[in-house]
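K.L.:
Pasting a structure here, questions to come.
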Amino acid sequence: MEMLVSADQVRSTVLALPEMAVWPELVDLLTQEGDQPRVDWQLPALACQAVGGDPALALPAVGAIACIKLSYILADGILDEDPQGDHQRMGTGRAANLALGLLAAAFALIGRCQVDEQTRARLTASLTEMALVGAMGQELDAQNRPGEANYWKVVRAKGSPFYAGSMEMGALMGGADAMLARGLYDFGTILGEMVQLYDDLEDAFKTPAAPDWRRGQNNLLILYAQTADHPQRERFIRLLPYVGDSQALQAAQEILIRSGAVSYCVYHLLERYRACRRLLKRLDLANPALLWDLLMTTQVEPLRRWLDMIGVAMPPDLVERPL
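Whatever position you read off the sequence shown (first residue = 1), add 3 for the working numbering.
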């Protein structure tokens, strides 16, 4: 997928806020991805061009969602007690302060951008929903409540608002009306769910065991293998405390395949892919192929490679391009 804004542009946009200078670590956080910024930071620019706007117009929104994403990453590292988290070198207190600062910086960037008052109000409303619902999702995730219904509550609150708001904000910066911008919000919502489902697939098969195995409720595959009615359910549950051992982990991962957990996750991915296809056909976009390429490069092609790796056939719906 073509990168529409550079890492230098993102850094310059965020670091133009003089208040951020008290955290010199922020420069490193903004440069960890090298010359190209994260794909999800590009979403406002992509949506802006998809509706016919110049992606450079979306830089304030790109900077804002980069700040939001970094605040999420810092908070996740602290909540998950990640040994590789940035809070380990900064200290938990300073990392928490930076997370709060980044959240405020996102609103400052939107508040200071050169748009009309009506557009600024819509951008602020979208960013507010992203931040507030995302924070609720973080708390629901930390509570680790059992059951699939609670899993979907976390998915829809924690990740989807980020993708939905990023797409909506970019569309507004590109001059889209409220209805078209909301259509891209809906696309982002579905995309966010797909991102979480694919992350679940990857995390469930990492070696050594990813943190998802320790918690169990925030990964659809692990949750399915624990709760669905299948012949190896009890053995899977017995293996869970021992997945720190490579042989126990491999045995548990094999049960994920045989139990139908992988198929169940792929089913949900396929349903959301179909929904994205229907939505892209309905929306009146100047450059719809951009969003199709986003879907292919970030979701479909990685899934194809992953299924090939474990010897599972690609669903036919994921092979043909609709546009």
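No residue lacks a Cβ here, since even glycine has one placed at the ideal position from N, Cα and C. Bear in mind that the values here come from a model prediction, so they are computed numbers and not experimental data.
For my contact list, residue 143 and residue 157 are in at a C-beta cut-off of 8 angstroms; report their separation, rounded to the angstrom.
P.N.:
Indeed they touch by this definition, with Cβ atoms about 5 angstroms apart.
K.L.:
Residue ranges of each alpha helix (DSSP H) run of no fewer than 4 residues wholly in the region 7 to 61, ordered along the chain?
P.N.:
Counting whole runs of 4 or more residues, the region 7 to 61 contains the alpha helix (DSSP H) stretches 10 to 18, 28 to 34 and 46 to 53.
K.L.:
Going by alpha carbons, who is nearest to residue 61 out of 149, 115 and 194?
P.N.:
Per the Cα distances, 115.
K.L.:
Per the contact definition of three or more C-beta pairs closer than 8 angstroms, is the region 242 to 262 in contact with the region 225 to 234?
P.N.:
Enough Cβ pairs lie closer than 8 angstroms, so yes.
K.L.:
What three-state label does DSSP hand residue 162 in the structure shown?
P.N.:
Residue state, collapsed to three classes: coil.
K.L.:
What is the DSSP secondary structure of residue 231, counted as helix, strand or coil?
P.N.:
Of the three classes helix, strand and coil, the one that applies to residue 231 here is coil, per DSSP.
K.L.:
Using CA atoms only, rank isn't needed, just tell me which of 34, 101 and 67 is closest to residue 78.
P.N.:
Nearest option by C-alpha distance: 101.
K.L.:
Thinking residue 194 and residue 171 are a contact (beta carbons under 8 angstroms), I'd like their distance in whole angstroms, please.
P.N.:
Their Cβ separation, rounded to whole angstroms, is 12 angstroms, which puts residue 194 and residue 171 out of contact at 8 angstroms.
K.L.:
Would you kindly check if the distance between the Cβ of residue 167 and the Cβ of residue 398 is under 8 angstroms?
P.N.:
The question about residue 398 has no answer here: the residues shown for the chain are numbered 4 through 326.
K.L.:
Alpha carbon to alpha carbon, what distance is there between residue 139 and residue 147?
P.N.:
In a straight line, the C-alpha of residue 147 is about 13 angstroms away from that of residue 139.
K.L.:
Which residue spans inside the region 263 to 316 form an unbroken alpha helix (DSSP H) run of at least 4?
P.N.:
Whole alpha helix (DSSP H) segments, 4+ residues: 264 to 285, 291 to 298 and 304 to 313.
K.L.:
Rounded C-beta distance between residue 81 and residue 95? I'm assuming under 8 angstroms.
P.N.:
About 6 angstroms; that satisfies the 8 angstroms criterion.
K.L.:
So within the region 175 to 258, which uninterrupted alpha helix (DSSP H) runs reach at least 4 residues, ignoring any that extend past its ends?
P.N.:
Counting whole runs of 4 or more residues, the region 175 to 258 contains the alpha helix (DSSP H) stretches 181 to 207, 215 to 218, 223 to 230 and 236 to 242.
K.L.:
Once DSSP output is grouped into helix, strand and coil, what is the label at residue 132?
P.N.:
It is helical.
K.L.:
In this structure, how does DSSP classify residue 117 when only helix, strand and coil are distinguished?
P.N.:
Here residue 117 sits in coil by DSSP.
K.L.:
Among 233, 231, 218 and 295, which one has its Cα closest to the Cα of residue 281?
P.N.:
Among 233, 231, 218 and 295, the Cα nearest to that of residue 281 belongs to 295.
K.L.:
Relative to the alpha-carbon of residue 105, which residue among 236, 33, 311 and 239 has its alpha-carbon at the smallest distance?
P.N.:
Ranking the options by Cα distance to residue 105, first place goes to 33.
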